[in-house]
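Shown next, in structure tokens, is the structure this report addresses.
If you want it as structure tokens, here you go:
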């Protein structure tokens, strides 16, 4: 069957590139993916699918392909949203929507899944089960994300999905490699806001006020001790403050300062303790300067946990596409947030990292995700389509044998 996947992938390859470039030129931010969703739905309705649904979880699109033989149901997911970034590439298909860019590869994910749908439709009669295609909005919209809305709208039911497969373009890996491993493959991603309150006074008479900026600086320093002194040495965590704003004028002691940041954890127990540790550190540091601190801790995406049995099946499929040499060794878990985690909480799931760094480009020279110059190697899209199809077919077979 893999020979047929190769044949049809090559047939649809020009369309894959065309769709990718169109999507890259017309990015839309989270929950505004209306034109993207319409484009996806239009392409899907040209295929012999059993149903195409729009407006799922907002701007989401889903489709169902019923194979020629009864069997399990495998869902394949791609995300569609872009980022509020001004693109600085020089390609002729650069973003035409100023200030918005597909800097995280979601255009590639969507283009690959559209072509995978076309390839699998060509093999419809041979499929031992059904395939659900999930085109999801708002992956970037933490803390809720678009996955939860699609799940609430029944994308994993009617008929019930048995396993979910997802994938992300990964610039640190070269084209022709893929990383598939069991267990945690992303971090829990939480949002932290700390409001430090003091007392305003003239800048020339600081003793009559309570400097919120000074207290906020102490809070910032105190937070850095949490990972080194509260988190167990064998565990990993990140506490990062991205913005710090305080004061109203250069000669006024600040009455208020606000710190905004993110917390990334892998161990659920560490995640549960983080709000307490942060509150203790923030309040203690602020009170040392006579100020007060109020902590707002919002839990976002949990960690993506790959099911070992699905990871084993996916590696079998990937070996057919990449060869054993193309299966990347187990890599450190990146502290990214990813709302594919909500699917993985509901069904056995597998999230893979697809290499997209062009040949001859060193890792340090490849623009990272969320960078205004990020572009994946177009050759990686071909590998991705083949992998998606091979993983879907292999998963249907293996689950059907149980």
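Numbering (my numbering), first residue to last: 80 to 481. Every residue gets a Cβ at the ideal spot worked out from N, C-alpha and C, and that includes glycine.
Worksheet item: Unbroken beta strand (DSSP E) runs of length 3 or more, entirely within the region 276-341: which are they?
Response: 316-325
Item to complete: Determine the burial state of residue 84: buried for a count of at least 16 other Cβ atoms within 10 Å of its Cβ, exposed for fewer.
Response: Residue mapping note: residue 84 aligns to position 5 of the chain shown, counting from 1. Buried: at least 16 other Cβ atoms inside 10 Å.
Worksheet entry | Coarse secondary structure for residue 172, derived from DSSP in three states | On the chain shown, position 93 is the one that residue 172 refers to. Looking at residue 172 - three-state DSSP - the assignment turns out to be coil, as it is neither helix nor strand.
Discussion item. On a Cα-Cα basis, can you pick out the residue from 328, 146, 92, 104 that is closest to residue 169?
Written reply: For the purposes of this step, residue 169 is taken as residue 90 along the chain shown, with counting starting at 1. Checking every option, the nearest Cα to that of residue 169 belongs to 104.
Fill in: Through-space distance from residue 186 to residue 434, alpha-carbon basis
The sequence position of residue 434 within the chain shown is 355, counting from 1. The sequence position of residue 186 within the chain shown is 107, counting from 1. Whole-angstrom Cα-Cα distance: 15 Å.
Discussion item. Is it buried or exposed, residue 124, if we count other Cβ atoms within 10 angstroms and call 16 or more buried?
Written reply: Position 45 of the chain shown, counted from the first residue, corresponds to residue 124. Classification of residue 124: exposed, given that the 10 Å Cβ count is below 16.
Item to complete: Can you grab the Cα-Cα spacing for the pair residue 337 / residue 325, in whole Å?
Response: Mapped onto the chain shown, residue 337 falls at position 258. Mapped onto the chain shown, residue 325 falls at position 246. Cα to Cα, residue 337 sits roughly 6 Å from residue 325.
Practice prompt. Note down the Cα distance separating residue 225 from residue 420, rounded to an integer number of angstroms.
Written response: Along the chain shown, one-based indexing puts residue 225 at 146. Along the chain shown, one-based indexing puts residue 420 at 341. Whole-angstrom Cα-Cα distance: 11 Å.
Fill in: Length of the line joining the Cα atoms of residue 102 and residue 330
Mapped onto the chain shown, residue 102 falls at position 23. Mapped onto the chain shown, residue 330 falls at position 251. Distance between the alpha carbons of residue 102 and residue 330 is about 49 Å.
Discussion item. Can you find the residues in the same chain that come closer than 7 Å, C-beta to C-beta, to residue 395, ignoring five residues on each side of it along the sequence?
Written reply: Counting from one through the chain shown, the residue named residue 395 turns up at place 316. Taken in chain order, the residues that qualify are 473.
Fill in: Inter-residue spacing [alpha-carbon to alpha-carbon] between residue 252 and residue 436
Residue mapping note: residue 252 aligns to position 173 of the chain shown, counting from 1. Residue mapping note: residue 436 aligns to position 357 of the chain shown, counting from 1. Going from the Cα of residue 252 to the Cα of residue 436 covers about 6 Å.
Worksheet item: For residue 344, which residues does DSSP report across the bridge?
Response: If you number the chain shown from 1, residue 344 lands on position 265. Its beta-bridge partners are 267, 316.
Discussion item. Counting beta carbon pairs with one atom in the region 332-346 and one in the region 262-281, are three or more of them shorter than 8 Å?
Written reply: yes
Fill in: Bridge-paired residues (DSSP) for residue 352
Stepping through the chain shown from its first residue, residue 352 is reached at position 273. None; residue 352 has no bridge partner.
Worksheet entry | Coil, strand or helix - residue 257 by DSSP | As a working note, residue 257 is residue 178 in the chain shown. Residue 257 falls in the strand class under three-state DSSP.
Worksheet entry | Residue interval of the beta strand (DSSP E) (run including residue 221) | Indexing the chain shown from 1 puts residue 221 at position 142. Neither: residue 221 is in no beta strand (DSSP E) and is coded neither H nor E.
Worksheet item: What three-state label does DSSP hand residue 426 in the structure shown?
Response: Here residue 426 is taken as the residue at index 347 of the chain shown, counted from 1. Here residue 426 sits in coil by DSSP.
Practice prompt. For the region 146-162 and the region 244-251, state whether three or more C-beta atom pairs, one from each stretch, are separated by less than 8 Å.
Written response: yes
Item to complete: Would you mind stating whether residue 197 and residue 126 have Cβ atoms separated by less than 7 Å?
Response: By 1-based counting over the chain shown, the position of residue 197 is 118. By 1-based counting over the chain shown, the position of residue 126 is 47. Cβ distance < 7 Å, so residue 197 and residue 126 count as in contact.
Worksheet entry | Between the CA atoms of residue 110 and residue 153 - distance to the nearest angstrom | Within the chain shown, the letter at position 74 stands for residue 153. Within the chain shown, the letter at position 31 stands for residue 110. C-alpha separation (whole angstroms): 25 Å.
Worksheet item: CA-CA distance, residue 397 and residue 416?
Response: As a first step, residue 397 is located in the chain shown; it is residue number 318 there, counting from the start. As a first step, residue 416 is located in the chain shown; it is residue number 337 there, counting from the start. Cα to Cα, the separation comes out at about 24 Å.
Worksheet entry | Buried/exposed call for residue 219, threshold 16 Cβ in 10 Å | As a working note, residue 219 is residue 140 in the chain shown. Residue 219 is buried by the Cβ-count criterion.
Worksheet entry | Supposed close pair residue 317, residue 298 - CB separation, criterion 8 Å | Walking along the chain shown from the start, residue 317 turns up at place 238. Walking along the chain shown from the start, residue 298 turns up at place 219. Contact doesn't hold; Cβ gap of about 17 Å is too wide.
Discussion item. Are the CB atoms of residue 372 and residue 275 within a distance shorter than 7 Å?
Written reply: Along the chain shown, one-based indexing puts residue 275 at 196. Along the chain shown, one-based indexing puts residue 372 at 293. Taking 7 Å as the Cβ cut-off, residue 275 and residue 372 qualify as a contacting pair.
Worksheet item: Would the region 128-143 and the region 175-193 be scored as touching if the rule is three or more Cβ pairs under 8 Å?
Response: no
Worksheet item: On the three-state DSSP scale, how would you describe residue 435?
Response: Translated into the one-based positions of the chain shown, residue 435 becomes position 356. Three-state DSSP puts residue 435 in a strand.
Worksheet entry | residue 448 to residue 356 span [Cα, whole Å] | To locate residue 448, count along the chain shown from 1; it is residue 369. To locate residue 356, count along the chain shown from 1; it is residue 277. Computed Cα separation, rounded: 30 Å.
Discussion item. From the DSSP secondary-structure annotation, give me the bridge partner or partners of residue 179.
Written reply: Taking the first residue of the chain shown as 1, we reach residue 179 at position 100. In the DSSP output, where bridge partners are listed per residue, residue 179 has none listed.
Practice prompt. Use the C-beta contact count for residue 311: other C-beta atoms within 10 angstroms, 16 or more gives buried, fewer gives exposed.
Written response: Your numbering for residue 311 matches position 232 in the chain shown. So residue 311 ends up on the exposed side.
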